[in-house]
Amino acid sequence: MPVYGSTSSTSDVISGRKYLIGGVAVFILIVAIMVVVYITTSGGKDSFVLDRTPLFAGRNNLPQNIQLLVNNNLSRVDLNSDLRNDSTFDCPQCNTDFPRLKKGQVSSQFWIARSGCDENSRVSDAISQLDVIDRMIKKYPDQLQRVKHSSDLDNVFENKKIGSLIGIDGGQSIMNTTAFLRVFYDLGVRALTLATGCNEAALLDYIVQNGTLTDFGETAVREMNRLGMIIDAQGLSTDSLTTVLNISTVPIMISHSAAADLYGYPNNTNILTLDALKSNDGLFMITFDTVNFGPPDNDNISRSDVIHHINYIVDRIGFDNIAIGGNYDSMYKKPSGLEDVSDFPDLFTDLKNNNSARWSPDNLDKLAGLNFKRFFQNVEKGRNTTQILDDE
Numbered sequence: 109m110p111v112y113g114s115t116s117s118t119s120d121v122i123s124g125r126k127y128l129i130g131g132v133a134v135f136i137l138i139v140a141i142m143v144v145v146y147i148t149t150s151g152g153k154d155s156f157v158l159d160r161t162p163l164f165a166g167r168n169n170l171p172q173n174i175q176l177l178v179n180n181n182l183s184r185v186d187l188n189s190d191l192r193n194d195s196t197f198d199c200p201q202c203n204t205d206f207p208r209l210k211k212g213q214v215s216s217q218f219w220i221a222r223s224g225c226d227e228n229s230r231v232s233d234a235i236s237q238l239d240v241i242d243r244m245i246k247k248y249p250d251q252l253q254r255v256k257h258s259s260d261l262d263n264v265f266e267n268k269k270i271g272s273l274i275g276i277d278g279g280q281s282i283m284n285t286t287a288f289l290r291v292f293y294d295l296g297v298r299a300l301t302l303a304t305g306c307n308e309a310a311l312l313d314y315i316v317q318n319g320t321l322t323d324f325g326e327t328a329v330r331e332m333n334r335l336g337m338i339i340d341a342q343g344l345s346t347d348s349l350t351t352v353l354n355i356s357t358v359p360i361m362i363s364h365s366a367a368a369d370l371y372g373y374p375n376n377t378n379i380l381t382l383d384a385l386k387s388n389d390g391l392f393m394i395t396f397d398t399v400n401f402g403p404p405d406n407d408n409i410s411r412s413d414v415i416h417h418i419n420y421i422v423d424r425i426g427f428d429n430i431a432i433g434g435n436y437d438s439m440y441k442k443p444s445g446l447e448d449v450s451d452f453p454d455l456f457t458d459l460k461n462n463n464s465a466r467w468s469p470d471n472l473d474k475l476a477g478l479n480f481k482r483f484f485q486n487v488e489k490g491r492n493t494t495q496i497l498d499d500e
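My numbering applies: residue 109 is where the sequence shown begins, and numbers increase by one.
Written out as structure tokens, the structure reads:
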């Protein structure tokens, strides 16, 4: 029969409490450690933006350099090596290889397939570039992963690979038939730049003529909406852009530009176009090409000039409609501090350090990749696989 109030019973109670308190302390310590690990490595808002948010790095023109420098022969280039040590790729517009992409924390980007101006080879030019991109993805499965849908963007980030979207630069690549749009989409193309520099050279442009969207151009816009293919309005005249905005049922993008009010380069974007793009819930993507920020003989253009344009644009249209355009491997001169694809982290560090009130963690996340992801999702919402357009 127990004796209540005995020394033995009291000791047992005290001992039990010690175990309980000790267990609670250990549990709290474990939770605290897990929180710290989460914050520093898994996407907490106190972590570095590119550690928690997949960076969408805009456009990259490496496929064109592979064509120009090694005639599409992938055995003559090792993208796993630092190509600055390869004399063939040691050129001003050669800024990309896997070591530098990894250092730059690039999660996804557009590989750009370029189409030439010769009417007899416009389509074959694009096909040749698409083939290079396809073979590149297959050659480096440990580094690259194909992205066809917005849902793939998070997956490649988790897999620590480089998401590979495909864009075609030049509406001349589809000639005058939407059949090529459908074929290109099935080959993985997810964006097409409508405008082209071929107007004068080829004296024929099926989509835009004399600064105005043609009837076929309007049909192409509708078919791109139906397919879920991104419309890149880069380089369109104000009239053509207005027509595209009136026709398109989904947001559009301007893929590599800067603010015309700060520097009047022809490819830069004026405030009226910025306002129209915001109303469309479209996407403005900031280029890094020095020609967009100052005269060709200005050797002092730097990362701070790019940041100045970014801040100007967000002051005009807010933080929800801007993304990184990049455009590496086509720029002969880059801003100091943004010389190649390894420099993206420095840009985001400067944005945060120079104006942390403006560039909150949420706003940095948007610029890094969340805006592009949301934009891509909205384009996909317009996709309609049940309605097939009769060819023209």
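Glycine is no exception: its CB is placed at the ideal position from the N, C-alpha and C atoms.
Inset, instruction - Flag this pair as yes or no: are the beta carbons of Ile220 and Gln251 separated by less than 7 angstroms? - result: Along the sequence shown, read from residue 1 onward, the residue named residue 220 stands at position 112. Along the sequence shown, read from residue 1 onward, the residue named residue 251 stands at position 143. No; because the gap between Cβ atoms is not below 7 angstroms, this pair is not in contact.
Inset, instruction - Would you check if the distance between the CB atom of Leu163 and the CB atom of Phe218 is smaller than 7 angstroms? - result: Numbered from 1 along the sequence shown, position 55 holds the residue referred to as residue 163. Numbered from 1 along the sequence shown, position 110 holds the residue referred to as residue 218. Cβ distance not < 7 angstroms, so Leu163 and Phe218 don't count as in contact.
Legend entry - C-alpha gap between Thr148 and Gly278, whole angstroms: Working through the sequence shown from its first residue, we reach residue 148 at position 40. Working through the sequence shown from its first residue, we reach residue 278 at position 170. Any reading at Thr148 needs caution, since the residue's pLDDT is 43, under 50, leaving its predicted position unreliable; the model's value is listed next. Separation of Thr148 and Gly278 (C-alpha to C-alpha, rounded to the nearest whole angstrom) is 43 angstroms.
Inset, instruction - Please report the Cβ distance between Glu326 and Ile355, rounded to the nearest whole angstrom; I am assuming they are in contact, meaning their Cβ atoms lie under 8 angstroms. - result: Locating residue 326 in the sequence shown gives position 218, counting from the first residue. Locating residue 355 in the sequence shown gives position 247, counting from the first residue. With a beta-carbon spacing of about 6 angstroms, Glu326 and Ile355 fall inside the 8 angstroms limit used to define contacts.
Legend entry - Cβ neighbours of Val144 in the same chain (closer than 6 angstroms, five flanking residues each side left out): Along the sequence shown, one-based indexing puts residue 144 at 36. Here the model assigns Val144 a pLDDT of 43, short of 50, so the residue's position is not dependable, and the following value carries that caveat. Nothing meets the Cβ criterion.
Inset, instruction - Identify, in the order they occur along the chain, each residue of the same chain with its Cβ nearer than 8 angstroms to the Cβ of Ala476, setting aside the five sequence neighbours on each side. - result: Taking the first residue of the sequence shown as position 1, residue 476 is located at position 368. The beta carbon of Ala476 is closer than 8 angstroms to those of Val157, Leu158, Thr161, Pro162, Leu163, Phe164, Ile432, Phe456 in its chain, skipping five residues each way along the sequence.
Legend entry - Cβ-Cβ distance between Gly212 and Phe483 below 7 angstroms: As a working note, residue 212 is residue 104 in the sequence shown. As a working note, residue 483 is residue 375 in the sequence shown. Contact: no.
Legend entry - Length of the line joining the Cα atoms of Leu255 and Leu261: Here residue 255 refers to the residue found at position 147 of the sequence shown. Here residue 261 refers to the residue found at position 153 of the sequence shown. According to the sequence displayed, residue 255 carries Val and not Leu. Answer to the nearest angstrom: the Cα atoms are 7 angstroms apart.
Inset, instruction - Return the chain-ordered list of same chain residues with a C-beta closer than 7 angstroms to the C-beta of Glu308, the five sequence neighbours on each side being excluded. - result: Here the question's residue 308 lines up with position 200 in the sequence shown. The pLDDT assigned to Glu308 is 45, lower than 50, so where the model puts this residue is not dependable, and the model offers no usable value.
Legend entry - Segments of 4+ residues assigned as alpha helix (DSSP H) that fall wholly inside the region 155-238: Fully contained in the region 155-238 are the following alpha helix (DSSP H) runs of length 4 or more, in chain order: 157-160, 170-178, 206-211.
Legend entry - Within 7 angstroms, strictly: CB atoms of Asn471 and Phe427: Locating residue 471 in the sequence shown gives position 363, where the first residue counts as 1. Locating residue 427 in the sequence shown gives position 319, where the first residue counts as 1. Contact flag set, yes.
Legend entry - Val297 (DSSP reduced to helix, strand or coil): Here residue 297 refers to the residue found at position 189 of the sequence shown. Three-state result, Val297: strand.
Inset, instruction - With Asn501 as the anchor, note down where its alpha helix (DSSP H) starts and where it stops. - result: Here the chain has residues from 109 to 500 only, and residue 501 is not among them.
Legend entry - Backbone secondary structure at His364 - three-state DSSP: To locate residue 364, count along the sequence shown from 1; it is residue 256. In the three-state scheme derived from DSSP, where H, G and I count as helix and E and B as strand, His364 is classed as strand.
Legend entry - Start and end residues, alpha helix (DSSP H) containing Leu273: What you label residue 273 is simply residue 165 of the sequence shown in a count that begins at 1. Here Leu273 belongs to no alpha helix (DSSP H); instead the beta strand (DSSP E) covers 270-277.
Legend entry - Distance, Gln175 Cα to Asn181 Cα: If you number the sequence shown from 1, residue 181 lands on position 73. If you number the sequence shown from 1, residue 175 lands on position 67. Their Cα atoms are separated by approximately 8 angstroms.
Inset, instruction - With a cut-off of 8 angstroms on the beta carbons, I'd call Val329 and Val297 a contact; round off their distance for me. - result: For the purposes of this step, residue 329 is taken as residue 221 along the sequence shown, with counting starting at 1. For the purposes of this step, residue 297 is taken as residue 189 along the sequence shown, with counting starting at 1. Actually they are not in contact, since the Cβ atoms of Val329 and Val297 sit about 15 angstroms apart, beyond 8 angstroms.
Legend entry - For Thr377 and Lys441, believed in contact at Cβ under 8 angstroms, the rounded distance: If you number the sequence shown from 1, residue 441 lands on position 333. If you number the sequence shown from 1, residue 377 lands on position 269. Between Lys441 and Thr377 the beta-carbon gap is near 20 angstroms, outside 8 angstroms, which marks them as no contact.
Inset, instruction - Determine the DSSP secondary structure at Gly433, reduced to helix, strand or coil. - result: As a first step, residue 433 must be located in the sequence shown, where it is residue number 325. Strand, per DSSP.
Inset, instruction - Leaving aside the five residues before and after Met283 along the sequence, list all residues of the same chain whose C-beta is less than 7 angstroms from its C-beta, in chain order. - result: Mapped onto the sequence shown, residue 283 falls at position 175. Close CB contacts of Met283 within its chain, under the 7 angstroms cut and outside five residues either way in sequence, are with Arg230, Val231, Tyr314 (chain order).
Legend entry - Helix, strand or coil at Thr504 according to DSSP, with G and I counted as helix: Since the first and last residues shown for the chain are 109 and 500, residue 504 lies out of range.
Legend entry - Opposing strand residues paired with Asp340 [DSSP bridges]: For this step, residue 340 is matched to residue 232 along the sequence shown. DSSP, once it has assigned bridges, lists Thr301, Met361 as partnering Asp340.
Legend entry - The alpha helix (DSSP H) enclosing Thr457, as first and last residue numbers: By one-based count along the sequence shown, residue 457 stands at place 349. Counting along the chain, the alpha helix (DSSP H) containing Thr457 begins and ends at 452-462.
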